[in-house]
Each structure stands twice: as C-alpha cells, then as structure tokens.
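Presented below is the structure to which this report refers.
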Amino acid sequence: MPDTPIVTRFAPSPTGYLHIGGARTALFNWLLARGKAAPEGSKFLLRIEDTDRARHDESAVEAILGGLRWLGLDWDGEPVSQHANQERHAEVARQLLAEGKAYRCWLQGEALDAARAEAREANTRFTSPYREGGEEDGPYSIRLKAPLEGETVIDDAVQGEVRFPNGALDDVVLLRSDGTPTYMLAVVVDDRDMGVTHIVRGDDHLTNAARQKHIYDAMGWDVPLFAHVPLIHGQDGKKLSKRHGALGVEAYAEEGFSPEGLFNALLKLGWSHGDDEVITRDQALEWFSLSGIGKAAARLDPDKMKSLNAAHLSALPDEEFVSRALPFLDEPPTDAQRDMLARAAPFLKPRCQLLTDIGPAAAFLLLSRPFEVTGKAAKPLKKEAAGDVLRGVRENLEGAEDWSAAALDLRLQAFAEAQGLSFGQVGPPVRAALTAGHPSPSLGETLHALGRDEALARLADRL
Ligand code: GLU
C-alpha cells in the first residue's frame with residue numbers, strides 16, 4: 002500500500018514582509034512535502050491568517066508571496082484565506098455547542114477579567130460558572146468544555162513528549178461574543194479542512210498545540226503531527242528583533258544574498274545533516290527530515306550566513322553569476338563591460354560574499370578611460386624605464402593572436418626575457434596602467450578580461 006501523502010502548510014499573518022523566522026518555517030514545511038522522502042501526492046499549502054480585517058492590506062500578502070517565490074518555495078493551489086472561512090469556523094463552534102461539548106458563557110468584560118484574576122491569585126484553573134449551565138440575556142461567547150483533570154500530551158516530532166496538566170489550560174473561547182471565531186478555532190478547522198497532516202511551526206505555538214488538541218479531540222478529528230521548531234535567537238542569545246539587523250527576506254535580497262545562499266542559511270538555522278555546511282537545494286530535498294531539527298534555539302550568525310552565500314555565489318555558472326550581479330553595480334554597465342565581467346567571473350566570484358561586493362571586486366574592469374593613477378599605485382609608472390616598458394609591451398601585445406590568459410602570461414614573460422628585464426620590472430607598470438591599482442588577477446587574466454581593445458587603449462593612455 003502506498004504511504005499516505007504528507008500535507009504541510011505555512012500559515013503567516015500578513016505583516017507586510019516575510020520575516021526570516023517565517024521563511025525558515027516555510028522552508029521546513031516545503032522540504033517536508035517536496036523532499037525525496039515525501040510520498041507521491043504530498044502537498045505544501047499556504048494559508049494567510051488574515052482575520053485582522055482592520056489592518057488588512059493585500060500588498061502585505063503579496064510581500065510574503067514574493068519572498069517565498071524569491072526563495073523558490075512554490076506552493077500547491079491557491080493560498081487559503083482564513084477570513085473567508087469564518088462561517089465554517091462558526092459552524093464547528095455551533096456543532097460543539099449542540100453536542101454539549103461547548104457552552105455559552107455570559108461572563109464578559111470586567112466581570113470576566115476579575116474572575117480570571119481571582120483564579121490566578123488562587124492559583125487555580127479559571128472555569129466559567131456557565132460551564133455547568135445557566136442562562137442570561139445579552140451577548141455570550143462559546144467556550145469549549147476542555148478536560149478539567151489529567152494531562153494533555155503532545156507527541157512532538159522535535160520537542161518529544163510534552164505534557165500539559167489540564168488544570169493549567171482553561172476552556173478555550175471558540176466564538177467571541179460578537180460572533181467571530183477565535184484564532185485557536187480557526188487554525189484547527191482550517192488545518193482539518195485543508196487536510197494538513199504535519200504542522201511545523203515555531204515553538205511559541207507549543208502551548209497552543211495543547212489547546213488545539215482539545216478542539217480536535219472534541220470534534221473526534223485526528224490530530225496532525227506537530228513539530229515545534231525552536232525560535233531563532235540573535236547572537237546575544239535573545240529573541241530575534243530589529244536590533245539584530247535584517248529581519249525580512251527582502252532585506253537580505255537587497256543586501257546581496259542569493260536565493261541559494263539564504264535558502265542554505267535558513268536551513269542551517271535549526272536543522273543539520275552531519276557536519277555539512279554548504280548544502281544545495283537538491284541535497285536539502287534529498288536529506289531533509291524532521292529528525293534533523295535540533296532542540297536548541299538556533300543563533301543568527303551574519304558572518305556564517307555570508308560565508309554560505311559566498312559558497313553558493315562561487316558555484317554559480319559564470320554567466321549566471323554576472324547576470325545576478327549586474328543589478329548591484331552603481332551604474333548600468335555597457336555591453337563591453339558586461340563581456341568583461343563575464344570573462345572575469347572566475348576572479349570575481351570568490352571575491353563576493355554578497356552580490357553587493359561586485360562593485361569593489363570589479364573596480365579594475367569598470368574604470369572609464371582615460372583614468373588617473375594616483376598614490377601608491379602610481380609608483381611603478383614613475384620609474385624611468387616605465388615608458389619604454391609600456392611602449393614595448395603594447396607593441397608586442399598588438400601582435401598577439403591568442404588573447405587567452407595563459408598565452409598572454411607567456412608572451413609577457415618572453416618579452417621580459419628578450420629585453421633582459423626581470424618580470425618585476427615589467428609587471429608592475431603594466432598592471433598599474435591597466436588597473437590603477439585596484440585588485441586584479443594575474444596579468445594574463447587581467448588582459449584577457451579587459452579584452453584586446455580596452456587593454457591596448459589603457460596602455461596607450463600612459464604613453
Ligand atoms: N499565523 C501564525 C503565525 O504567524 C501561525 C499559526 C500556525 O502555524 O499554526 O505565527
């Protein structure tokens with residue numbers, strides 16, 4: 002018999018951006034459903050928890066979807082709107098009421114606050130007096146008759162067996178007195194209706210899991226498998242906040258992360274596979290399982306994230322690297338510059354931890370002629386023999402048929418030998434004339450990257 006498909010979901014509240022904590026949750030759910038171990042027919046669903054209508058804004062939803070798309074996390078079907086399901090949520094509350102598993106509670110406002118405070122002070126469970134009956138006029142909420150005694154046990158795929166004494170969990174409100182469903186009810190009903198089998202989310206929802214289990218049990222529904230992932234902390238060990246730097250996926254993209262790099266960095270925030278650090282999307286799909294999620298809070302380490310990004314940038318094909326890097330240049334490059342960048346990609350890639358590093362890495366290519374050579378970089382050009390060397394090299398290179406880096410390096414060496422010069426006398430003025438002292442690869446590679454016309458023109462500018 003084939004295994005039952007896995008159905009996961011990502012259920013963000015539309016806050017206006019995809020928080021990296023949320024992105025990690027989405028990633029884990031996506032991998033669980035899309036990974037190699039997932040049975041045929043598994044799905045990754047999206048649900049927008051948009052019940053806060055006063056603050057609702059479609060662009061906030063779009064920002065989240067955009068972040069997911071950028072990371073390459075595709076979802077099945079249309080995103081579900083939690084708000085659109087309100088009537089269905091209310092129906093479940095009414096069903097529980099009709100079955101005697103829920104009750105009407107007229108304790109509202111200040112009277113409710115006072116009763117709750119009293120229970121807190123007495124260190125007892127707050128239980129509404131209406132649980133045992135009674136009726137009043139006026140607005141009421143609907144509360145679940147949660148178990149009074151015993152324990153609620155969540156068998157969590159990350160946290161293990163977590164036990165909640167029922168005396169510490171009060172009767173959850175299902176429907177507010179204004180008739181709107183509560184978050185707790187909405188989540189359970191939506192997960193059930195969406196056929197969700199695995200709930201992977203932040204461990205700030207662990208207590209909610211116990212309350213939600215009460216609702217599942219009351220309805221006689223199977224409880225999905227929970228996996229509560231420890232929250233991400235900053236380097237100081239405190240809960241992630243703006244102080245710790247970028248929080249939205251978009252900000253990471255603007256900072257010069259590649260989707261591959263951020264995907265890897267998010268994956269490593271709480272999940273591991275042996276000592277593997279640099280992990281590709283395909284490897285993640287092959288290796289991911291809930292058992293790789295650690296119990297300890299992951300720490301956001303910007304340097305590590307950047308070094309992972311660097312590894313993924315280096316692995317990109319040259320052309321691909323260049324087209325990703327182009328938007329990060331201060332000015333749009335000319336076609337000739339674009340070609341130069343492509344030829345220099347093997348030099349540029351390892352110098353970019355972030356795509357924003359492209360400017361300084363490619364500075365030697367992007368100089369616009371004629372340029373000045375100043376400071377320390379100008380020193381080799383001031384030597385007496387520099388003019389002759391540059392003239393000789395230029396003439397020699399004019400005759401070069403093979404403009405490959407290796408051939409050019411050999412040519413320069415042969416030139417030095419024929420002139421009775423050391424390479425230390427030839428190399429520095431040529432490099433200064435070509436690069437104005439900006440970091441550059443070997444002379445052969447520099448000439449190759451610049452291309453014949455630009456290289457010869459830069460040499461001529463010094464004569
Ligand atoms: N909307 C909740 C949040 O953004 C997620 C709820 C859930 O995953 O059950 O934290």
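When the sequence shown is numbered by this note's numbering, its final residue is 464 and no position is left out of the sequence of numbers.
By construction, the Cβ of each residue, glycine as well, lies at the ideal position given by its N, Cα and C atoms.
Taking a 10 Å sphere around the C-beta of residue 124, we find fewer than 16 other C-beta atoms and assign the residue as exposed. When only Cα atoms are considered, residue 126 and residue 148 end up about 11 Å apart. DSSP places residue 176 inside the beta strand (DSSP E), whose first and last residues are 174-176. Taken through DSSP and simplified to helix, strand or coil, residue 161 comes out as strand. Chain order is used for the residues whose beta-carbon lies nearer than 6 Å to a heavy atom of ligand 1, namely 12, 13, 14, 50, 188, 202 and 206. About 6 Å separates the Cβ atoms of residue 142 and residue 176, confirming a contact at the 8 Å cut-off. The C-beta distance from residue 310 to residue 273 rounds to 18 Å, too long to meet the 8 Å contact threshold. Bridge pairing for residue 229: 202 [DSSP]. In the same chain as residue 137, and ignoring 5 residues on each side of it, the C-beta atoms closer than 6 Å to its own belong to 107, in chain order. Counting along the chain, residue 380 sits inside the alpha helix (DSSP H) bounded by residues 380-383. Under DSSP, the beta-bridge partners assigned to residue 249 are 20.
Around the CB of residue 5, fewer than 16 other CB atoms lie within 10 Å, so the residue is classed as exposed. Under the 10 Å beta carbon count, residue 320 is surrounded by fewer than 16 other beta carbons and is classified as exposed.
Residue 300 is bridged by DSSP to 234.
Per the DSSP secondary-structure output, residue 353 pairs with nothing in a beta bridge. Straight across, the Cα-Cα distance linking residue 381 with residue 430 is about 5 Å. When DSSP states are grouped into helix, strand and coil, residue 49 belongs to the strand group. Contact between the segment 336-345 and the segment 277-289 is absent: fewer than 3 CB-CB pairs across the two stretches fall below 8 Å. Residues of the same chain with a CB within less than 8 Å of the CB of residue 401, apart from the 5 flanking positions on each side, are 408, 409, 412 and 453 in chain order.
DSSP places residue 60 in the uninterrupted alpha helix (DSSP H) bounded by 59-72. As the crow flies, the alpha-carbon of residue 185 is around 49 Å from that of residue 351. In this structure, DSSP gives residue 156 an extended state, which the three-state scheme calls strand. In the DSSP annotation of this structure, residue 5 is not part of any alpha helix (DSSP H), being labelled neither H nor E.
In the displayed model, residue 104 falls within a strand according to three-state DSSP.
The beta carbons of residue 16 and residue 201 sit no closer together than 8 Å.
In the DSSP annotation of this structure, the continuous segment of the beta strand (DSSP E) that includes residue 142 starts and ends at 142-145.
Take residue 268, set aside five residues on each side of it, and the residues of its chain with a beta-carbon closer than 7 Å to its own are 28, 280 and 285, in chain order.
Within the model, the alpha-carbon separation for residue 253 versus residue 377 is close to 36 Å.
DSSP places residue 195 outside any alpha helix (DSSP H), giving it a letter other than H or E. About 19 Å separates the CB atoms of residue 220 and residue 81; that is not less than 8 Å, and the two are not in contact. By the Cβ neighbour-count rule, residue 239 is exposed, with fewer than 16 other Cβ atoms within 10 Å of its own. In this structure residue 435 is in contact with residue 456, their Cβ atoms being roughly 6 Å apart against a cut-off of 8 Å. The C-beta of residue 375 has fewer than 16 other C-beta atoms within 10 Å across all chains shown, which makes the residue exposed.
Setting aside the 5 residues that flank it on each side, residue 11 is surrounded in the same chain by 26, 27, 30 and 47, each with a C-beta closer than 7 Å to its C-beta; the list follows chain order. Pairing residue 198 with residue 359 gives a Cβ-Cβ distance that is not under 8 Å. Annotated three-state conformation of residue 10 is strand, per DSSP.
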